[in-house]
Amino acid sequence: MAGRFRCPCCDCLTLDERCDSDVCEVCYWEDDGQGDHNADEVYGGPNGALSLTRARANYRAFGACEEAMQPHARPPRSDELPDSRSG
Numbered sequence: 073m074a075g076r077f078r079c080p081c082c083d084c085l086t087l088d089e090r091c092d093s094d095v096c097e098v099c100y101w102e103d104d105g106q107g108d109h110n111a112d113e114v115y116g117g118p119n120g121a122l123s124l125t126r127a128r129a130n131y132r133a134f135g136a137c138e139e140a141m142q143p144h145a146r147p148p149r150s151d152e153l154p155d156s157r158s159g
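Residue numbers for the sequence shown, in our numbering: 73 to 159.
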């Protein structure tokens with residue numbers, strides 16, 4: 073079953089909670105609480121030198137928040153797609 077919350081990086085419904093260090097199985101972003109309001113900031117911590125803005129661009133380019141995470145990432149299931157349900 074898909075998560076109830078959207079990943080701030082790939083927008084897929086993969087997170088059980090927001091801002092609780094859940095790792096998205098689709099893009100492998102660790103949800104550290106960043107969102108649109110601070111997407112350009114580099115927090116360090118679990119996502120290293122990545123800003124959310126850079127991670128989003130990486131996901132669009134090659135399907136993971138960063139190149140090193142490609143082996144861990146996977147394609148979204150149909151019930152995880154951003155337009156599969158409202159919310």
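Just so it is clear, CB atoms sit at the ideal spot from N, CA and C, and this is done for glycine as well.
Closest Cα partner of residue i within the set the options
| i | options | result |
| --- | --- | --- |
| P80 | A127, E139, G135 | A127 |
| H144 | L85, D92, E102 | E102 |
| C99 | D151, D155, E138, S93 | E138 |
| V114 | G107, L124, D88 | L124 |
Pairwise C-alpha distance: residue j and residue i
| i | j | result |
| --- | --- | --- |
| S158 | A140 | Residue confidence for S158 is low, a pLDDT of 49 falling below 50, so the modelled location carries little weight; the figure read from the coordinates is stated next. Using only the alpha carbons, I get a separation of about 31 Å. |
| G120 | R149 | 27 Å |
| Y131 | C82 | 7 Å |
| C96 | D104 | 11 Å |
| Q106 | D112 | 9 Å |
| D155 | P147 | 15 Å |
| H109 | A129 | 17 Å |
Classification of residue i by the beta-carbon crowding that lies within 10 angstroms, buried from 16 upward
| i | result |
| --- | --- |
| C84 | buried |
| F77 | buried |
| A133 | exposed |
Cutoff 6 Å; reference residue i; Cβ partners in own chain excluding five residues on either side
| i | result |
| --- | --- |
| E152 | A74, C84, L85, T86 |
Residues of its chain near residue i, where Cβ-Cβ distance is below 7 Å and the 5 sequence neighbours each way are ignored
| i | result |
| --- | --- |
| R90 | F77, D103 |
| S93 | E102, D103, D104, P118 |
Cβ-based neighbour list, residue i, same chain, cut-off 8 Å, excluding 5 preceding and 5 following
| i | result |
| --- | --- |
| Q142 | F134, G135, A136 |
| D88 | G75, R76, F77, D94 |
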